[in-house]
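Under our numbering, the first residue of the sequence shown is numbered 527, with each subsequent residue one higher.
Even glycine gets a Cβ: it sits at the ideal position worked out from N, Cα and C.
See below for the structure under consideration.
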Amino acid sequence: MRNKIAILFLAFALLLSPVSAYALEWEQLPWATKDNLDKEQLGGEVSQWIQTIVMDSEDGQFMLAGTDVGGILRSYDGGETWAQASLGLESRGVTGAAIDPFNSNRAIIVGANDPFYPKNGLYLTTDKAQTWQSVLPINMSGYRDVRSQLAYDESSFSESLGYTTTAYWLRRAGDDRGGSTDPGLYKTTDGGVTWTLVRETDEYGNAYLKVHPVTGDVFIGARQGVFKSSDGGMTFEEVASPPEGMEISGIDLVKEDEVVRLYYNLNGGGIFVSDNSGEGDVTFEKVASTGLPPTGDITEFKGHMGIKVSPVNPDRMAMMVANAPWTGDKYYSNDGGITWHKGIHDRLGGMAPYNGRDDNLITFHPKDENIIWASGGDWLNVSTDGGATYRWANDGNNGVMTGDLFNFNVTNPDLLYVGSQDYAGALTENGGVTWKYANAQGYEWGGLVYGAYAASPQVLFGGGKEGAGKTLHVSRDGGDTFTEFPEVVLNGFPVSYGDPRNELVMFSYEYFSTDGGYTWYKMDGAQGVFTHNYDPDGDQELIGASTSAIVISKDHGETWEKITSFSGSIQDIAYDWQNKLYYIAARDELWVYDVNESELRNISETIPADQNGNKRFSSVAVDPVEPQIVYAVGPANVYNSTTAVKRSVDAGASWQVLTRNLEDGEAQSIITSGLDGGREATAVRVHPVTRYAYVGTGCFGMWKIAPPDHAEDDYGKPALLGYAGNGETTLRWFGNGRTDLLKLAQFAQAYADPGITSVDLYDLDGDRSVNSVDLSLVTDHVFKDSANMSDVFEIYRQGEGESDFKLLTSTSNTTYTDTDVENNHSYRYKVVNTRTGKDSKRITLLPGDVEPAFMSATKSASYVELNWQEQSGVYHIYRSEAADGEYVRIADSLTKPYYRDSDMAPGTAYYYYVTSEGASGEGKPSAIKQTLTYIPDPPRPPKPPVTFPQGHPYTQTFDNGVPEKWAIFNQMKVEDGKLAASWGAWGGTAIYEGDSYTGDYEFLIDIYAIGNDSSHHAQILFNYADMDNYYFLDVSKGGTDGARLLRKEGNDIHLLGEYSGPNVFGDGFVQVYIKYEKGGFITVKATKNETETTLFDRLEDTADGERLAGGYIGVRTEWSADQFDNLVITPLTNVPVPVE
């Protein structure tokens, strides 16, 4: 098996043209299902949280959709397809947008993100969102500020200039991410190029903004009232106020013929309309409405909100009602708000579960009163029936956040399981063409899965975040169900892997299994396995890391040998087997260890910096075929980096930027056309056969990029799958997609099953159940799709030495087998849909008598499942009870590369091989696979307890970079003389491993708890035995949630004490004093501005479990950019003799 990939290296290399004449472009890897592709959809799993949706006023074809942390999307076809459009945008998210009503080339957006960034603020496009320029940079957050906050003044249109000159922005008040907020009304009079502050708007809070299209009057809908300005926003008068106990919760302004109507609604119920919003006094009439639900507790929930009115027909209205957490029901009216009806969602086409959002985000089409766009489920939705039904309309929008590192299966690289933050994860068996949703944790809303891996098409595993930690989750049925291993608490590097020499050996974080994933043990000497040596003539040793060293294993992970020490924050490791180079991604630096020279070098200086002079390295990968080709990626997180993806073609001597940007010089991207891919990349791996680099990102989806000199001429074309066999080739493509009676039967069966566990597969309306509404929705799809005509496809082939494609045949099927071929001759194919005129990607196949590759066996107690690489033809399975014995054919003419053998004696070894039979007969047998049913191994003996001697006095100021004997990993770093984490860092950790401390000791450390959210934690660790056992002081939300003293024991967190007095941690550094005394007595004090506060006074550890007698000292953060400094450790008893 070890040479199978090497053979495929050669075969694929023969099919690649040596030099490409085409421009290099990014290709999307949306998590598309087969149903998506059959319906001619691109697929698009999620887009992060939609914040704004706008469309042009002419015909609604140009649209923009902003997200909270995933950039901005554009559509040029009325929302039929979407694409990332963040070129020139430095903000990670967009919360507001407006398109010039008379010139759709021009638009203004509000750049925002979770943390503050100096170049959030306003951006302008003059080329229809091809590029953006910062026009009002402001150090702000603006996170999830969903409201109408930008508006053009239509009355300021200039015939000579060809665009609208005046626009307004109402800046947010009360930004919940810290820092100065400075709410104000800003104005431009030159189309958005320059802006001035008209006035401060503290009194209006987070209000809604509208501008009268005739008079240019400015309207603000604040909680306490509706206000009008007739002097360009200088002064405002109140024109409406809510009754006591209620708030204004939405306004809209609509022009019909010569009448301009102003609307507002109340969170506690009530819709009001004015027909005289122009000159003179503004008066409102209340609409007598029925059909809306009671508002519930409007002190806790938003209630009725976001009134929107069709500009085509003001009788058409829509709004949202939020009366519970994570809900946002949409209601519509066809009679001017008199009667209302609840709309429903239809997520057929989407992969992830629907999640309600209380964001009042509804936008009417400018010309068609029946079309309404809305958010919901973290994707785009559209209604074509006036709001009665909102269907999934997210095609082309791949915005998933991949969960830390991923890896191709070590024997079958087309097999890939990727975890995701918030959206669980997905599995592909064909290199990313089609995907299957895999919900490891079983949450109805999605999941938090990191470091995922597919050991076979059946066995998947990864780390599921549960509260404060992660636990291992394993599937044995291809992701349909998972089993949690609660005792396997994952704290190592967030990566999982397999063993190329033994498919039963698997690795996840600091754990490994030798029996196919049934039992798991902690490794000795490694905290994670990143890759292996791809040298076809080498030992295929495993390559991993401890907290402070690169390590390798030649015995399947049983023991580990140190290659070199490393004191930085290891994020990822790659290995160049030709030049004997280990690459180490270390957050802000990229290092290489040269085995031949025994030299560790920082090569960061050779790599272009981003727009702020920063360099980020969260992942690194080499091309296994040509390992001098190296990829390095890293997100900025706080902003949108211009150099998130880099590539070297000369073993790291020089680098090219692959992130599309507007930079000049060495940071200029070599990609100048095509899709805006790979933004904020977090992980990269190179497919060892196709040699494409696959890139995962932080909220910008998955992408791939071709190897050097092999750019394609068929970007964006529909996929074409191909398989070579003995004397034949088989093509498969996508089309004729219909929701058919079989799908309806599946829904009906799910509806009738009261014990159904896979609710997320059939819950179309998002109510967490399978009910009559779901059945009605799928029935409607069946009825509509039955009217679709069948597609007819033409198959074209280009043989060796032929200059053109020639038509082979036409068919309405989506598969074709070509038997008019010669072995060892290559053939290039394409397929054309005659109805649409669209042609597919090109694919080159080389028929021949080649044995099936990538054979693997997954075992259970009663059966064995065999998998192998797909070929053209049928398959035969042979079995023997001895490697050199007689093999008997046990299965004939299988049509899929899978077989389950249940006719087995427990504990008996069996030997298998598979053959493929094509038009030229039965081919060569595969390599022999030995396996047997699963029998549990005897448990391993427990490891001896670790003892910790008393250490020496120690002082560290972090003034000279990463100190010696410190283990720094995840997103921790040393910067500006401080130990610090970055925003978005889950579990950044730093441990001083130079000495342990036990008995009686005390230490001081300065801490700056920067967090401003309950998910933000700064922690001081002591008596740290390992990643599963330690004491820690936890400070959350910058101290406003108090402080807690806890003991971690495996996956259990024991609360020892809680401080709830005045906050002593906010606004700057605080000196913390911790004393540990033998017997489990702990004292904690905090000193700020020379004022000492005792948090815990000789608190005794009396919680369940074992006291921790000693260990190391360190720090940890969660999701927060906390800082630490000036560590001073003083042993009080059994002080060792100082080292000379």
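The residues Ser1406, in chain order, have a CB closer than 8 Å to that of Glu1412 in the same chain once the five nearest residues on each side in sequence are set aside.
Taking every protein chain shown into account, the CB of Leu1267 has fewer than 16 other CB atoms within 10 angstroms, so this residue is exposed. Under a 10 Å Cβ-count criterion, Glu805 is classified as exposed, with fewer than 16 other Cβ atoms of the shown protein chains found around its own Cβ. Taking the Cα positions, Asn639 is about 15 Å away from Ala699. Under the three-state reduction of DSSP output, Gly1564 falls in the helix class. DSSP places Thr1283 outside both helix and strand once states are collapsed to three, so it counts as coil.
Boundaries around Val1596 are those of the beta strand (DSSP E), 1596-1603, since no alpha helix (DSSP H) includes it.
The three-state secondary structure of Glu1584, taken from DSSP, is strand. DSSP, reduced to helix, strand and coil, places Glu1131 within a helical segment of the structure shown. With contacts defined as CB atoms closer than 9 Å, Asn920 and Trp608 qualify as a contacting pair.
By the criterion of a C-beta distance shorter than 7 Å, Phe1226 is surrounded in its chain by Gly596, Gly597, Gln610, Gly925, Arg1205, Glu1206, once the five residues flanking it on both sides are discounted.
Residue environment for Val1077: buried (at least 16 other C-beta atoms within 10 angstroms of its C-beta). Taken atom to atom, the span from the alpha-carbon of Ala978 to that of Gly569 is near 22 Å. Shown here, Tyr1534 sits in a strand according to DSSP, grouped into three states. About 17 Å separates the beta carbons of Glu1328 and Val1358, which is beyond the 8 Å limit, so they are not a contact pair. Taking a contact as a CB-CB distance under 8 Å, the pair Leu986 and Ser1001 counts as one, their CB atoms being some 4 Å apart. Around the Cβ of Pro1467, a 10 Å sphere holds fewer than 16 other Cβ atoms; the residue is exposed. Distance from the Cα of Leu676 is smallest, within the candidate group Thr707, Ile1089, Val580, Gln1597, for Val580. Contact between the stretch 1025-1045 and the stretch 944-952 is absent: fewer than 3 CB-CB pairs across the two stretches fall below 8 Å.
In this structure, the alpha-carbon of Asp930 lies about 44 Å from that of Ala1313.
According to DSSP, residue pairing for Gly1637 in a beta bridge involves Tyr1523. Between the alpha carbons of Asp1190 and Pro1134 lies a gap of roughly 11 Å. About 40 Å separates the CB atoms of Glu1644 and Ser1199; that is not less than 8 Å, and the two are not in contact.
For Lys812, the enclosing beta strand (DSSP E) has its first and last residue at 811-813.
If the five residues before and after Thr865 are omitted, its C-beta is found closer than 7 Å to the C-beta atoms of Thr816, Gly817, Ser859, all from its own chain and listed in chain order. Listed in chain order, the beta strand (DSSP E) elements of length 3 or more contained wholly in the stretch 575-644 are 576-581, 589-593, 598-601, 619-625, 633-638.
Rounded to the nearest angstrom, the gap between the Cα atoms of Thr1360 and Thr1337 is 10 Å. Bridge partners of Trp899 according to DSSP: Thr889, Val908.
Secondary-structure assignment with DSSP links Glu1254 through a beta bridge to Gly1251. Rounded to whole angstroms, the separation of the alpha carbons of Phe1092 and Gly854 is 50 Å. By the criterion of a C-beta distance shorter than 6 Å, Ile824 is surrounded in its chain by Asn793, Gly794, once the five residues flanking it on both sides are discounted. In this chain, Thr1305 is not harboured by any beta strand (DSSP E); it is covered by the alpha helix (DSSP H) spanning 1298-1311. Counting along the chain, Gln947 sits inside the beta strand (DSSP E) bounded by residues 942-948.
Assignment of Gly1576 by DSSP, reduced to helix, strand and coil, places it in the coil class. Here Glu1391 is bridged, per DSSP, to Thr1384, Arg1426. Sequence-distant partners of Ala1250 (beyond 5 residues in either direction) whose C-beta falls short of 7 Å from its own C-beta, in its chain, are Leu1371, Leu1372, Pro1373, Gly1374, Gln1397, Ser1398.
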